[in-house]
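Here the structure is laid out as structure tokens; the discussion comes afterwards.
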Amino acid sequence: MERSRRPSRYPRFLAALAAAVLTAGGLVVSAETARAADADVATNGGFESGLAGWSCTGGSGVTVSSPVHGGVAALKATPAGSDNAKCTQTVTVRPDSAYTLSSWVQGSYVYLGASGTGTTDVSTWTPSAPSWQKLTTSFRTGPATTSVTLYTNGWYGTPAYHVDDLSLVGPGGETGQPPAAPSGLRSSTVTASSVSLAWSPAAGATGYTVHRDGAPDVNVTGTSTTITGLSPATAYRFQVSATNAAGRSPLSSAVTATTQAGGGGGNGAELPAHALVGYLHSSFANGSGYTRMSDVPASWDVINLAFGEPTSVTSGDIRFSLCPVAECPNVESVAEFKAAIKAKQAAGKKVLISIGGQNGQVQLASTAARDAFVSSVSKIIDEYGLDGLDIDFEGHSLSLNTGDTDFRNPTSPVIVNLISAVKSLKAKYGADFVLTMAPETFFVQLGYQFYGSGPWGGQDPRAGAYLPVIHALRDDLTLLHVQDYNSGPIMGLDNQYHTMGGADFHIAMTDMLLTGFPVAGDTTKVFPALDPRQVAIGLPASSQAGNGHTAPSEVNKALDCLTKKTNCGSYQTHGTWPTLRGLMTWSINWDRFNQWEFSRNFEAYFGS
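Per the working numbering, the sequence shown starts with residue 23, numbered consecutively.
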């Protein structure tokens with residue numbers, strides 16, 4: 023949330039990412055001389071039989087008749103957004119044997135490699151091949167390796183690349199046997215809409231399939247995954263099978279997991295079925311003017327006091343006070359303010375302290391700062407008799423340290439300490455404690471493409487940095503209302519970029535929260551879907567309040583699509599969520615300035 027507009031951080035991020043791409047290096051390994059008895063063990067390396075034997079991500083690969091290096095066909099694969107157009111083939115090999123991998127390629131940033139070698143996986147690449155260029159690398163298989171995966175891929179956002187006459191020369195592999203059934207299948211984290219599963223690796227397996235209620239559900243290469251999009255309070259039966267080049271194993275023993283009943287986390291069950299959330303400028307004034315607590319209309323169900331701010335960025339010591347009289351001539355007294363809060367609560371409303379905002383950078387980089395945060399926030403809640411906490415960390419408050427790559431197990435102190443602090447506050451105040459969050463899209467949905475500094479560094483370490491906080495606190499979370507404004511274009515689950523200001527942006531961004539998504543495109547690290555009762559859409563109340571103001575008619579289209587699956591436009595959601603909690607806006611003050619257009623539209627739509 024902002025006191026005044028600020029420039030978007032996206033140009034800086036994209037520039038840094040481009041620099042990382044331009045400086046990324048590839049490993050080039052000289053080829054070994056193949057033995058006379060060796061054979062080409064790759065299948066359909068000339069793509070004369072279409073894509074037989076090959077699998078390309080997201081339908082990115084096709085065969086074409088021109089340009090070709092040899093024969094009458096070649097592979098053409100087109101990167102798009104977070105998809106680098108990776109095409110793979112798993113081949114059978116012999117243990118402890120030497121192999122030479124080569125291919126002719128054409129295009130910019132074309133990669134060729136082999137994984138699962140059992141020794142050192144290899145790759146080679148070219149930054150530019152305007153005409154056919156040969157890539158070659160070599161490796162030796164491990165003592166127990168019976169299969170390897172060959173791959174070629176492009177780079178994000180670059181044009182299509184071409185591949186032809188790919189070969190893997192070495193000793194022919196034995197057909198072998200399918201792997202045994204995996205053992206040790208177990209469930210761990212269970213929410214109202216997801217179940218996390220893990221199992222022990224099966225010898226010789228190159229991949230696994232999770233079966234839900236007897237039917238194949240998802241394919242993975244690792245030994246864990248999270249199944250999302252499940253119904254609350256429902257029992258599901260899971261099994262897993264292992265695969266390799268020889269076939270599929272029998273199914274594992276089954277495990278049954280029952281999803282939670284849901285209810286919106288925290289104190290969500292006490293909110294109206296459709297709630298209106300707004301921020302009240304209580305500690306400062308801007309062009310919208312000061313609004314007294316007693317003058318907030320009854321249509322607002324959750325009122326977030328903006329803002330509690332730290333004494334310094336790293337102190338963790340949060341302070342809150344009413345706007346000074348010199349800045350807000352019509353400010354009420356502290357006693358009047360507290361009395362108005364009690365009156366709102368008596369009418370069933372929730373009043374929270376919001377921490378952060380544009381100017382309130384909070385970095386809990388130490389346990390001392392964490393403890394000061396818990397102590398000082400508790401004092402504010404107790405002093406004003408508040409119902410809970412809203413986390414509105416922006417700017418550089420949250421970022422991921424290099425090497426912190428799994429949102430399910432964060433290691434960055436500012437992340438770990440914030441989670442610990444909020445859990446302490448929840449434990450102190452109990453089940454009635456209301457917890458809301460208002461991150462920007464940069465910290466949440468951007469995580470579909472980029473997470474932290476990335477595999478080669480150079481990305482903005484703040485990208486997706488809210489995801490571990492949301493995930494760790496999802497069972498305590500009352501409402502998540504991402505700010506669908508002051509945002510750059512964001513890629514949705516359709517792998518298309520969506521721009522703020524219309525129904526399409528809110529539909530795509532909210533669908534991501536209610537469907538779940540792989541973080542940084544890694545299908546082994548899926549951010550699970552949230553319960554729709556935990557989700558509200560965040561919008562500016564007027565064009566003066568922030569970039570991305572959405573006209574009421576477009577707001578209603580978004581609500582129609584998400585709750586009724588009508589008026590969806592070109593974007594097709596992955597479900598229908600009539601229990602979507604509602605809307606949030608920045609701010610109550612700006613809505614008053616705009617003749618209450620936002621809140622009146624909300625009431626008209628939901629029949630309040």
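The beta carbon of each residue, even a glycine, is placed where N, CA and C say it ideally should be.
Computed from a predicted structure; not experimentally measured.
Legend entry - Residue closest to residue 300, alpha-carbon to alpha-carbon, out of 82, 373, 266: Of the candidates 82, 373, 266, the one whose C-alpha sits nearest the C-alpha of residue 300 is 373.
Inset, instruction - Mark residue 72 as exposed unless 16 or more other C-beta atoms lie within 10 angstroms of its C-beta, in which case mark it buried. - result: An exposed status is given to residue 72, since fewer than 16 other beta-carbon atoms sit within 10 Å of its beta-carbon.
Inset, instruction - For the segment 526-539 and the segment 582-596, state whether three or more C-beta atom pairs, one from each stretch, are separated by less than 8 Å. - result: Taking 8 Å as the limit for Cβ pairs, the verdict is that the segment 582-596 does touch the segment 526-539.
Inset, instruction - Give every residue of the same chain whose Cβ lies closer than 7 Å to the Cβ of residue 38, excluding the five residues on either side of it in the sequence, and list them in chain order. - result: The predicted position of residue 38 is uncertain, since its pLDDT is 42 and thus under 50; no value can be drawn from it.
Inset, instruction - Check whether the segment 115-124 touches the segment 165-174, taking contact to mean three or more Cβ pairs, one atom from each stretch, closer than 8 Å. - result: Touching, per the Cβ criterion.
Inset, instruction - Classify residue 350 as helix, strand or coil using the three-state DSSP reduction. - result: Assignment of residue 350 by DSSP, reduced to helix, strand and coil, places it in the coil class.
Legend entry - Best match in 526, 565, 537 for proximity to residue 577 [C-alpha to C-alpha]: Cα-wise, what sits closest to residue 577 is 526.
Inset, instruction - Have a look at the DSSP bridge pairing and note the partners of residue 520. - result: Note: residue 520 sits in a beta bridge opposite 512.
Inset, instruction - Report buried or exposed for residue 47, applying the criterion of at least 16 other Cβ atoms within 10 angstroms of its Cβ. - result: Note that residue 47 scores a pLDDT of 35, beneath 50, so its modelled location is shaky and nothing firm can be said.
Legend entry - Which of helix, strand or coil DSSP assigns to residue 331: Reduced to three states, the DSSP call for residue 331 is strand.
Inset, instruction - Would you check if the distance between the CB atom of residue 484 and the CB atom of residue 418 is smaller than 8 Å? - result: In this structure, residue 484 places its C-beta atom within 8 Å of the C-beta atom of residue 418.
Legend entry - Chain-order list of residues whose beta-carbon lies under 8 Å from that of residue 424 (same chain, five-residue window excluded): Listed in chain order, the non-local C-beta contacts of residue 424 below 8 Å within the same chain comprise 474, 475, 479, 483, local neighbours out to five positions each way being set aside.
Legend entry - According to DSSP, residues forming a beta bridge with residue 62: DSSP lists 191 as partners of residue 62.
Legend entry - Presumed contact (8 Å Cβ cut-off) between residue 585 and residue 602, rounded CB distance: Residue 602 and residue 585 do touch by the CB rule: their CB atoms are close to 5 Å apart, below 8 Å.
Legend entry - Of the listed residues 194, 174, 464, 411, nearest to residue 511 (C-alpha basis): When only C-alpha atoms are compared, the closest one is 464.
Inset, instruction - Throw me the rounded Cβ distance for the residue 411 and residue 399 pair, which I believe falls under 8 Å. - result: With a contact defined as Cβ atoms closer than 8 Å, residue 411 and residue 399 qualify at about 6 Å.
Inset, instruction - May I ask whether a heavy atom of the ligand NAP can be found less than 7 Å away from the beta carbon of residue 113? - result: Only the bare structure without any ligand can be found here, which leaves the ligand NAP out of the picture.
Legend entry - Inter-residue Cα distance where the pair is residue 428 and residue 274: Whole-angstrom Cα-Cα distance: 27 Å.
Inset, instruction - Determine the direct distance from the alpha carbon of residue 218 to that of residue 645, and round the result to whole angstroms. - result: In the structure displayed, the chain extends from 23 to 630; residue 645 sits before or after that span and is not available.
Legend entry - Residue environment, residue 128, which counts as buried when at least 16 other CB atoms sit within 10 Å: The residue is buried, with at least 16 neighbouring Cβ atoms inside 10 Å.
Legend entry - As assigned by DSSP and simplified to three states, the class of residue 97: It is a strand residue.
Legend entry - Assigned exposure category for residue 256 - 16 Cβ within 10 Å defines buried: By the neighbour-count criterion, in which a residue is buried when 16 or more other Cβ atoms sit within 10 angstroms of its Cβ, residue 256 is exposed.
Inset, instruction - Enumerate in chain order the residues of its own chain whose CB-to-CB distance from residue 565 is below 6 Å, with the five nearest sequence positions on each side excluded. - result: Excluding positions up to five away in sequence, the list reads 571.
Legend entry - N- and C-terminal bounds of the beta strand (DSSP E) containing residue 390: Counting along the chain, residue 390 sits inside no beta strand (DSSP E); it lies in the alpha helix (DSSP H) bounded by residues 389-406.
Legend entry - Cβ neighbour criterion (16 or more within 10 Å) applied to residue 208: Classification for residue 208: exposed.
Inset, instruction - Tell me where the beta strand (DSSP E) around residue 177 begins and ends. - result: Counting along the chain, residue 177 falls outside any beta strand (DSSP E), and DSSP gives it neither H nor E.
Legend entry - Residues that residue 159 bridges to, as DSSP identifies them: Beta-bridge pairing links residue 159 to 123.
Inset, instruction - Measuring alpha carbon to alpha carbon, tell me which of 581, 160, 544, 155 ends up nearest residue 141. - result: Residue 160 is the option with its Cα nearest to residue 141.
Legend entry - Cβ neighbour criterion (16 or more within 10 Å) applied to residue 432: Residue 432 counts as buried, since at least 16 other C-beta atoms from the protein chains shown sit within 10 angstroms of its C-beta.
Inset, instruction - May I ask which residues mark the beginning and end of the beta strand (DSSP E) holding residue 145? - result: 144-148 is the span of the beta strand (DSSP E), which, as asked, contains residue 145.
Legend entry - residue 179 vs residue 611 beta-carbon contact at 8 Å: Cβ distance not < 8 Å, so residue 179 and residue 611 don't count as in contact.
Inset, instruction - Note down, in chain order, each residue of its chain lying with its Cβ closer than 6 Å to the Cβ of residue 461, except the 5 sequence neighbours on either side. - result: The beta carbon of residue 461 sits closer than 6 Å to the beta carbons of 488, 504 from its chain, once the five residues preceding and following it are set aside; these are given in chain order.
Legend entry - Chain-order list of residues whose beta-carbon lies under 7 Å from that of residue 91 (same chain, five-residue window excluded): Excluding residues within five positions, the ones whose Cβ falls inside 7 Å are 126, 154, 186, 187.
Legend entry - C-beta atoms of residue 281 and residue 551 nearer than 8 Å: Cβ atoms of residue 281 and residue 551: not closer than 8 Å.
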